[in-house]
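A.B. asks: First the structure, which I've put down as structure tokens, then a few questions once you've had a look.
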Amino acid sequence: MPRKRKSNLALSSCVAPAMKVTRKLESDVQAEARKRDQAAFRAAETPEHSQTRRTKDTERHASVRAAETPDETQRRRDVNNKRQSKQRCAFTHNMWTVFNDAAFNYDPLIDYANQRLVMIGKMDKKCVLCYPCCMRVVAQPLSGKRKLLACAVLVEKARSLYLASQKNR
1 MPRKRKSNLA LSSCVAPAMK VTRKLESDVQ AEARKRDQAA FRAAETPEHS QTRRTKDTER
61 HASVRAAETP DETQRRRDVN NKRQSKQRCA FTHNMWTVFN DAAFNYDPLI DYANQRLVMI
121 GKMDKKCVLC YPCCMRVVAQ PLSGKRKLLA CAVLVEKARS LYLASQKNR
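Using the UniProt record's numbering, the first residue of the sequence shown is number 1, and each one after it goes up by one.
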């Protein structure tokens, strides 16, 4: 009985690394020209051709994934997860570094009200760590004396966490 012929996996597997090397070695001008040519090709493509190309891509990816061993599948997923994690970290780092220590370095020239990452509201919420520091007077007990809760331990923990985060930068 003849063997079932697999799709052109070997060809695409051999060509892909060579194309990767070629792209790494090309100059910026060559890369721009390649991207321009690709954009022109896609712009001239009819909707039918686009659909055909997408269908072929889908089939090719499905055949590659079907031929994967469970180890290869897990390795591919791990690589994708690491890549996505790096991208997420880079994005959040780029967004948040602008407002690093913004509470301590207020700049009146920045319109904080229009920033998504910064929320300025009323100061009516009590901090769970330094409640007594924010709210100096606790409700009066029956004796009429005012009581200030001791939170030196919590404040010290918050301070040590802040200092540790500063050292990691």
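Each residue gets a CB set at the ideal place from its N, CA and C atoms; glycine is no exception.
1. What alpha helix (DSSP H) runs, 4 residues minimum, are completely inside the region 30 to 109?
2. Does DSSP put D111 in a helix, in a strand, or in coil?
3. Taking just the CA atoms, how far does H93 sit from Q115?
4. Quick check: the Cα distance between Q166 and R83, rounded to an integer number of angstroms?
C.D. replies: Here's the rundown:
1. Those alpha helix (DSSP H) runs which fall completely within the region 30 to 109 and span 4+ residues are 47 to 67 and 70 to 96.
2. DSSP, read as helix, strand or coil, puts D111 in coil.
3. Taking the Cα positions, Q115 is about 16 Å away from H93.
4. The straight-line gap from Cα to Cα measures roughly 26 Å.
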